[in-house]
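Quick note on the numbering used here: the sequence shown kicks off at 1 and runs consecutively.
Each remark here refers to the structure printed beneath this line.
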Amino acid sequence: MLLLNDKCSQIVDGTKEDIQKWAKEGTYASFVCDQMKKLPVDHAERIKSASKILYLHYLIAFFKRSMFKRLSGKPFPDDAPRALQDKALQVYAIANINERTRKEVK
1 MLLLNDKCSQ
11 IVDGTKEDIQ
21 KWAKEGTYAS
31 FVCDQMKKLP
41 VDHAERIKSA
51 SKILYLHYLI
61 AFFKRSMFKR
71 LSGKPFPDDA
81 PRALQDKALQ
91 VYAIANINER
101 TRKEVK
C-alpha cells in the first residue's frame, strides 16, 4: 500500500465535484467513487484510506480488462505501479505453465 501513497494525492485532494465528474466519466468505478465520499477528515488516515481505494480501483480495472489485454502483457492500466502489478498478479492470477517446457523435479 505504501506504493500508492504518492499516487493517491488526486483522491485525497478531490472535491465532491471531482468525484461526481470521475463517476460520470467512468474514470473510477461507481463503488470506488462511493468510497471516496467516505474518506476520513484526518490527513494521515485519509491517505491510508485513499491508498486502499486506489488499490481497489486497480483490482477492479484488472478484472474488467479483456482476456486479450490480460494475456498480451497489459493486465493493468498504464498508471499502475509495476511492483503493485507484480504482487497482484502473483496473488490473484494463476500461473500459465507450459507442460512441454516444464522441468521435471527429481
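Positions of the beta carbon are idealized from the N, C-alpha and C atoms, including for glycine.
Please report the distance separating the alpha-carbon of residue i from that of residue j.
| i | j | result |
| --- | --- | --- |
| residue 62 | residue 22 | 18 Å |
| residue 59 | residue 44 | 23 Å |
| residue 27 | residue 20 | 10 Å |
| residue 93 | residue 41 | 35 Å |
| residue 85 | residue 76 | 7 Å |
Helix, strand or coil for residue i? Go by DSSP, reduced to three states.
| i | result |
| --- | --- |
| residue 31 | helix |
| residue 39 | coil |
| residue 46 | helix |
| residue 62 | helix |
| residue 80 | coil |
| residue 7 | coil |
Using the Cβ count rule (16 or more neighbours within 10 Å means buried), how would you classify residue i?
| i | result |
| --- | --- |
| residue 48 | buried |
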